[in-house]
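Presented below is the structure to which this report refers.
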Amino acid sequence: MTTMAVEVLERADMGTVFKIARKELKGTIGSRWFWMWVVAFVGLAAVLVMIALPSSSINGHAGFGRTAASLVTLVQIIIPLMGLALGALSIAGQRESGAMRFLMSHPISRTEAFWGIYLGHVAALGIAAGAGFGIAGVLTATRGVSGGTGPFVWIALVSWVLAVAMLGIGMLISTYAARSGAALGIAVFVWLFFVFIGDLGLMGTSAATSMPVSVLFGIALLNPVEAFRLTALTALSGSLDALGPAGIFAVDTLGDSLGIALFIVLVLWLAVPALVAWRRFVGKADL
Amino acid sequence: MITIKTLTKRYGDAVVVDDFAMEVATGESIALWGPNGAGKTTVIRCLLGLVSYDGEITVAGLDARKRGKAVRSLIGYVPQELSFYDEMVVQDLLDYSAGLRGIGTDRVDEVVDQIGLGDHQKKLVRELSGGLKQRLGLATALLADPPILLLDEPTSNLDASARDAAIRLLENLRHEGRTLVVTSHHIEEVGMLVDRVIAMDSGRTVTECAPYDLAEELGIRAWLHLITDADAATRAAAVLNSAGFNARQNSKGVLVEVSAQQKGKAVAALHSAGIEIEDLEVWR
Numbered sequence: 001m002t003t004m005a006v007e008v009l010e011r012a013d014m015g016t017v018f019k020i021a022r023k024e025l026k027g028t029i030g031s032r033w034f035w036m037w038v039v040a041f042v043g044l045a046a047v048l049v050m051i052a053l054p055s056s057s058i059n060g061h062a063g064f065g066r067t068a069a070s071l072v073t074l075v076q077i078i079i080p081l082m083g084l085a086l087g088a089l090s091i092a093g094q095r096e097s098g099a100m101r102f103l104m105s106h107p108i109s110r111t112e113a114f115w116g117i118y119l120g121h122v123a124a125l126g127i128a129a130g131a132g133f134g135i136a137g138v139l140t141a142t143r144g145v146s147g148g149t150g151p152f153v154w155i156a157l158v159s160w161v162l163a164v165a166m167l168g169i170g171m172l173i174s175t176y177a178a179r180s181g182a183a184l185g186i187a188v189f190v191w192l193f194f195v196f197i198g199d200l201g202l203m204g205t206s207a208a209t210s211m212p213v214s215v216l217f218g219i220a221l222l223n224p225v226e227a228f229r230l231t232a233l234t235a236l237s238g239s240l241d242a243l244g245p246a247g248i249f250a251v252d253t254l255g256d257s258l259g260i261a262l263f264i265v266l267v268l269w270l271a272v273p274a275l276v277a278w279r280r281f282v283g284k285a286d287l
Numbered sequence: 001m002i003t004i005k006t007l008t009k010r011y012g013d014a015v016v017v018d019d020f021a022m023e024v025a026t027g028e029s030i031a032l033w034g035p036n037g038a039g040k041t042t043v044i045r046c047l048l049g050l051v052s053y054d055g056e057i058t059v060a061g062l063d064a065r066k067r068g069k070a071v072r073s074l075i076g077y078v079p080q081e082l083s084f085y086d087e088m089v090v091q092d093l094l095d096y097s098a099g100l101r102g103i104g105t106d107r108v109d110e111v112v113d114q115i116g117l118g119d120h121q122k123k124l125v126r127e128l129s130g131g132l133k134q135r136l137g138l139a140t141a142l143l144a145d146p147p148i149l150l151l152d153e154p155t156s157n158l159d160a161s162a163r164d165a166a167i168r169l170l171e172n173l174r175h176e177g178r179t180l181v182v183t184s185h186h187i188e189e190v191g192m193l194v195d196r197v198i199a200m201d202s203g204r205t206v207t208e209c210a211p212y213d214l215a216e217e218l219g220i221r222a223w224l225h226l227i228t229d230a231d232a233a234t235r236a237a238a239v240l241n242s243a244g245f246n247a248r249q250n251s252k253g254v255l256v257e258v259s260a261q262q263k264g265k266a267v268a269a270l271h272s273a274g275i276e277i278e279d280l281e282v283w284r
């Protein structure tokens, strides 16, 4: 008899999932590197707030909106890298150290292990994003600024969604990589692609090919980092200039539907990589 | 209790377990013995459902592939070394493992006492010695009071004192009637721990025998270096050669070839002849 699938899908016990998630969260927030990320994010957020607040407006934003606008650029660089790195190291790292084999020697299913690890990291990313936005919010409030708290909270939430989407992509990488070093390397490349090469590549493609601009901008909107940026900036209702060419094109083309389209893009990036990673982990031949 | 039939495991083109079969009765203790790379640990990983495999494994009548959770609930697994949760506090690790098995804290305290970890509960795992880490691994495995224990090289990386303590602990568990599967490449310790040995090499069963027959079955020899003065060494070599041993004198004493599990016979032969030795070393 020949069988490759190791485990037949068994119903997940949510109690077990949460026990694993709690341990993962505790392990992550107990690690030095996690706090290095948080301190870097919080520190840069604080500096940006201090710089941004004295000026009269940023692209037309005021109050908390001004703070939020100043944080968008920071978030779109730091948060994806944090989510990707955390995800990339999760499964490959535990496999490499032997922790995964120890965990899976318990009477738990792979489904429970996967979602436990995932949720633990989701919570850790929530703490990181909460710390960054929380400190920035406190600094803004202590300077007597008010108004615009709605978009500020919304952007904080969307930042978390971006982080979790990147976590899923990182975990997907992690299920394929044999070593944590390789997983991290691929994660950094993916980060560069989304944050830098994606836009530069599209500009280059635009110049070098006769691909219609609508297709190029459409592809740009599929980039989760770009989807985050546009979601955040449209929430602030500031000047359209800040949206950039892809954003202006999106506003022109989609109008009021833009918010829904961006929401769908982010939800897909949130769900699809994580679900594929889960299926891959459950069907993985060897842990 | 455990039945393995036609188990084969491949990593790419490499066959690490090749048509392996094993039957372990309830309460029996067996050792998978063999050199590094023989396939012992892979068999354990297949049993736990950690790797895919071809063949059939059942534990207490349950298919290990289809009923992985149920099978693992019957098994306590002790890995070679608990080095991966270094930053965790011992008590937290035990509570975590107990939680995953649905066990309360009363049982954790009971096992901590049984294994002798009482003074180390608040330490970080990385602060434990090799012997204590081994005990911690055993403690996590015993939390659910499982009928089956899988021990992967339980005495590797331990010094002599810790090894002795571990063997005594395992002997007690064996006498409690648990089913024990131990992997080892130490020929001396399998005799102390198990009823039966399956010797493996290159993923296949080489022989299956009682533990004290293993060295004879496989022709495993060792050299004893018996240290004594020159006169005694001359007489010792003569006595040993006439007793059927292959012995020769050297500058420090006498070298004698013995069965790896019957080293005492050479010493006993010298003792009977009234020859005292000062020291001895085992050479392989």
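Residue numbers (our numbering), protein chains in the order written: chain G, 1 to 287; chain V, 1 to 284. Just so you know, even glycine gets a beta-carbon here, dropped at the ideal spot from N, CA and C. None of the values given here were measured: they were computed from a predicted structure.
Beta-bridge analysis with DSSP links V:N246 to V:E257.
Listed along chain G, the residues sitting closer than 9 Å to V:R72 by beta-carbon distance are M104, S105, H106, P107, I108. Where G:Y176 is concerned, there is no enclosing beta strand (DSSP E), although the alpha helix (DSSP H) around it starts and stops at 149–176. With contacts defined by Cβ atoms closer than 9 Å, G:F217 and G:F249 form a contacting pair. DSSP places G:S214 outside any beta strand (DSSP E); the residue lies instead in the alpha helix (DSSP H), whose first and last residues are 213–222.
Residue environment: V:Q262 is assigned as exposed (fewer than 16 neighbouring CB atoms within 10 Å of its CB, all protein chains considered). Bounds of the alpha helix (DSSP H) holding V:T42 are 40–47. Distance between V:A14 and V:P211, taken at the CA atoms: about 29 Å. Secondary structure of G:A227 (DSSP, three-state): helix.
Membership of V:G76 in any alpha helix (DSSP H) is not indicated; the residue belongs instead to the beta strand (DSSP E) covering 75–78. With a contact defined as Cβ atoms closer than 8 Å, V:A166 and V:T155 qualify at about 5 Å. Straight-line measurement puts the Cα of V:I187 at about 9 Å from the Cα of V:I220.
Taking 9 Å as the cut-off, the Cβ atoms of G:T111 and G:W278 count as close. Annotation for V:L128: no beta strand (DSSP E) segment contains it, and DSSP assigns it neither H nor E. With contacts defined by Cβ atoms closer than 9 Å, V:I115 and V:I57 do not form a contacting pair.
Using a CB distance cut-off of 9 Å, G:A68 does not count as an interface residue toward chain V. Separation of G:L221 and G:F189 (C-alpha to C-alpha, rounded to the nearest whole angstrom) is 19 Å. For chain G, the residues of the segment 30–64 of chain V that bring a beta carbon within less than 8 Å of one of its beta carbons are R45, L48, G49, L50, V51, S52, Y53, D54, G55, E56, in chain order. Between V:R178 and V:G27, the gap from beta carbon to beta carbon is short of 9 Å. Proximity of V:D92 to chain G, defined by a Cβ-Cβ separation below 9 Å, is satisfied. The beta-bridge partner set that DSSP reports for V:I30 consists of V:V181, V:R196. The DSSP-derived three-state label of G:T205 is helix. Think of a sphere of 8 Å around the beta carbon of G:T16: the chain V residues whose beta carbon falls inside it are L100, in chain order.
Contact check for V:I2 against V:L32 fails: the beta carbons are separated by 9 Å or more. Residue nearest to V:S29 within the set V:V258, V:S259, V:V197, V:A266 is V:V197 (criterion: CA-CA distance). For V:H225, the pairing in a beta bridge is given by DSSP as V:L255, V:E281. Put simply, the backbone Cα of V:Y77 is about 32 Å away from that of V:V282. With a cutoff of 9 Å on beta-carbon distance, V:S97 and V:L143 are scored as near each other.
Closer than 9 Å to the CB of V:G68 there is at least one CB belonging to chain G. G:I91 and G:A129 have their alpha carbons spaced roughly 22 Å apart.
Taking 9 Å as the threshold, the shortest C-beta distance from V:A144 to chain G falls below it. Looking at the backbone, the Cα of G:M104 and that of G:T149 are separated by about 45 Å. Bridge pairing for V:E208: V:I198 [DSSP].
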